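Following UniProt numbering, the numbering of the sequence shown begins with 1 at its first residue and continues without gaps. For each residue, glycine too, the CB sits at the ideal point set by N, CA and C. On a predicted model such as this, the values are computed, not experimentally measured, just so you know.
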Amino acid sequence: MSVYTTLSQADMEALLAQFDLGELLSFKGIEAGIENTNYFVTSQQQACVLTVFEHHQSDEVREFVRFALHLGSKGLLVPAPIADRQGQWLHTVHGKPAILCPLLQGHHISAPGDDHCYAIGAALANLHLAAADLAQERTDPRGFDWWQSMHASLGQSLSSDEQNLLADEVAHQRQQRAQWHELPQGWIHSDLFHDNALFVDNEQGAEVGAILDLYNACQGPWLYDLAIVANDWCCAANGQWHDGLVEALKAGYQSVRPFTDAEQAGWSLVLRAAALRFWLSRLLTQQLQQQQGGEMALQKDPAEYRDKLLLRRQSNNA
Ligand SMILES: Nc1ncnc2c1ncn2[C@@H]1O[C@H](COP(=O)(O)OP(=O)(O)OP(=O)(O)O)[C@@H](O)[C@H]1O
Ligand SMILES: N[C@@H](CCO)C(=O)O
Numbered sequence: 001m002s003v004y005t006t007l008s009q010a011d012m013e014a015l016l017a018q019f020d021l022g023e024l025l026s027f028k029g030i031e032a033g034i035e036n037t038n039y040f041v042t043s044q045q046q047a048c049v050l051t052v053f054e055h056h057q058s059d060e061v062r063e064f065v066r067f068a069l070h071l072g073s074k075g076l077l078v079p080a081p082i083a084d085r086q087g088q089w090l091h092t093v094h095g096k097p098a099i100l101c102p103l104l105q106g107h108h109i110s111a112p113g114d115d116h117c118y119a120i121g122a123a124l125a126n127l128h129l130a131a132a133d134l135a136q137e138r139t140d141p142r143g144f145d146w147w148q149s150m151h152a153s154l155g156q157s158l159s160s161d162e163q164n165l166l167a168d169e170v171a172h173q174r175q176q177r178a179q180w181h182e183l184p185q186g187w188i189h190s191d192l193f194h195d196n197a198l199f200v201d202n203e204q205g206a207e208v209g210a211i212l213d214l215y216n217a218c219q220g221p222w223l224y225d226l227a228i229v230a231n232d233w234c235c236a237a238n239g240q241w242h243d244g245l246v247e248a249l250k251a252g253y254q255s256v257r258p259f260t261d262a263e264q265a266g267w268s269l270v271l272r273a274a275a276l277r278f279w280l281s282r283l284l285t286q287q288l289q290q291q292q293g294g295e296m297a298l299q300k301d302p303a304e305y306r307d308k309l310l311l312r313r314q315s316n317n318a
């Protein structure tokens, strides 16, 4: 986690008093996650999660909630906020946008197996199709233009090998823009790491209970979204694939939506792009955390994604 914005008992009571949820019983900062502040909040009537957005403005939060409500209307289990007595779900806490969502059921998987990868692949394809009729109004703030700007701004803080790697990969991605734009696009989750999914136990095997953290959702190639999953769920921290997991992930996805020819040809490109994106975003988060501090601030190592990028480039050239 992270708790960047520390809330007092009085803060929490004042917030909860606006809702029809009964009295506050307890609250506790959540350790998982690195972008936002999250608290488990238990009232007399409901167990909830409070998210305080550290980097997003209210307009962006409205977009995430539009996405969540749309997915919810199609039967997907995602966090959608609870409205207060005035019908308002968007609140301000310490000057930052905040929402209160029901606590969703399920548990995190620490070491995904092929059954989890198959299930999350199918769930991601369902998410893509469920959002296909939702107007697309959020371009990716961590997309190609941002990779280029990070290349320009990060230069001095990287080793010369890392600078060369970054320059070369950005150039490669630039050359492949036409191939990128041939990939089917739509709303993507954009951050479906295994700490953003909850599973429920069931006799048939692994079942996705909920998909969390829609706070990077934007437009992008559907295959890129799957590559983000693969780079986190299907390999070791150094990027080495675990046997059978990518195959299970792709099979699960294609059980719902088969790949187009462009997607069959584009896997290596999106794997590299997904590794690049999280190398850069972890470097940025590291810088922000150094400036911002934060009680319980969880660290995620940028070098893991640098190493994943190096491996994905090798297998591309093989
Ligand atoms: N509605 C919910 N129901 C159950 N658990 C939740 C819910 N929302 C958040 N959590 C828990 O809080 C954790 C952190 O939430 P979340 O991933 O949204 O935070 P974040 O800071 O945005 O994370 P990230 O670093 O992945 O962007 C989740 O991994 C999950 O364990
Ligand atoms: N899931 C991201 C953090 C939130 O975007 C990472 O592991 O770098």
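Inter-residue Cα distance where the pair is residue i and residue j
i           : j    : result
L100        : G121 : 28 Å
Q179        : H56  : 31 Å
D114        : F64  : 30 Å
Q9          : H91  : 17 Å
residue 390 : A167 : Past the boundaries of the shown model lies residue 390; the chain is included only from 1 to 318, so the question cannot be answered.
A130        : S58  : 24 Å
S190        : I228 : 7 Å
E207        : G155 : 43 Å
A123        : K74  : 13 Å
G239        : L271 : 11 Å
Q176        : L226 : 18 Å
Q86         : A273 : 44 Å
K300        : D243 : 25 Å
Q163        : D20  : 53 Å
T285        : D261 : 36 Å
D11         : A83  : 18 Å
L7          : I109 : 29 Å
E263        : T5   : 41 Å
A318        : L165 : For A318, the predicted structure reports a pLDDT of 43, less than 50, and the residue's modelled location is therefore unreliable. The matter cannot be settled from this model.
F193        : Q291 : 25 Å
P81         : L69  : 9 Å
M1          : Q289 : Confidence is the limiting factor: at M1 the pLDDT is only 49, short of 50, which leaves the residue's position unreliable, though a coordinate-based value still follows. Going from the Cα of M1 to the Cα of Q289 covers about 12 Å.
H151        : A132 : 32 Å
V256        : A119 : 11 Å
P302        : A236 : 14 Å
P184        : F259 : 9 Å
S315        : V246 : 14 Å
W241        : R313 : 14 Å
I188        : W222 : 6 Å
Q88         : H94  : 17 Å
A248        : S159 : 37 Å
Spatially closest choice to residue i from the options, by CA coordinates
i    : options                : result
Q173 : W147, I188, M12, W222  : W147
W233 : G22, A111, S159, L76   : A111
K250 : C117, F193, S153       : C117
N202 : S157, A217, I188, H107 : H107
T37  : K96, H70, C235, Q88    : K96
R306 : A152, I34, D161, A32   : D161
S157 : E247, L269, Q287, Q18  : Q287
L269 : E35, F144, S149, Q18   : F144
Nearest-angstrom beta carbon gap, residue j and residue i [assumed within contact, 8 Å]
i    : j    : result
A210 : V61  : That pair is no contact at about 19 Å.
L214 : F67  : 6 Å
V200 : Q105 : 6 Å
W267 : L309 : Their Cβ separation, rounded to whole angstroms, is 15 Å, which puts W267 and L309 out of contact at 8 Å.
Y253 : A125 : 5 Å
A14  : T51  : Contact doesn't hold; Cβ gap of about 17 Å is too wide.
Reduced DSSP secondary structure (H/G/I, E/B, other) of residue i
i    : result
A139 : Contrary to the premise, residue 139 reads as Thr rather than Ala in this sequence. Three-state result, T139: coil.
A273 : helix
S278 : In the sequence as displayed, the identity of residue 278 is Phe instead of Ser. Looking at F278 - three-state DSSP - the assignment turns out to be helix.
Q38  : Reading off the sequence, residue 38 comes out as Asn, not Gln. Three-state DSSP puts N38 in a strand.
L249 : helix
A318 : No answer about A318 holds up, because its pLDDT of 43 lies below 50 and its placement is not dependable.
V170 : helix
H70  : helix
A98  : strand
Q46  : coil
V256 : coil
G244 : coil
P79  : coil
H107 : strand
H91  : strand
L310 : helix
I228 : helix
E23  : coil
G121 : helix
K185 : Note that residue 185 is Gln in the sequence shown, not Lys. Three-state DSSP puts Q185 in a strand.
Distance CB(residue i)-CB(residue j) smaller than 8 Å
i    : j    : result
L276 : E169 : yes
F53  : Y39  : no
G186 : Q136 : yes
L212 : N231 : no
L22  : D140 : Position check: residue 22 holds Gly in this sequence, whereas Leu was assumed. The answer is no: Cβ separation not under 8 Å.
T42  : L16  : no
L76  : L127 : yes
G29  : V49  : no
A47  : L103 : yes
L311 : G33  : no
A217 : R138 : yes
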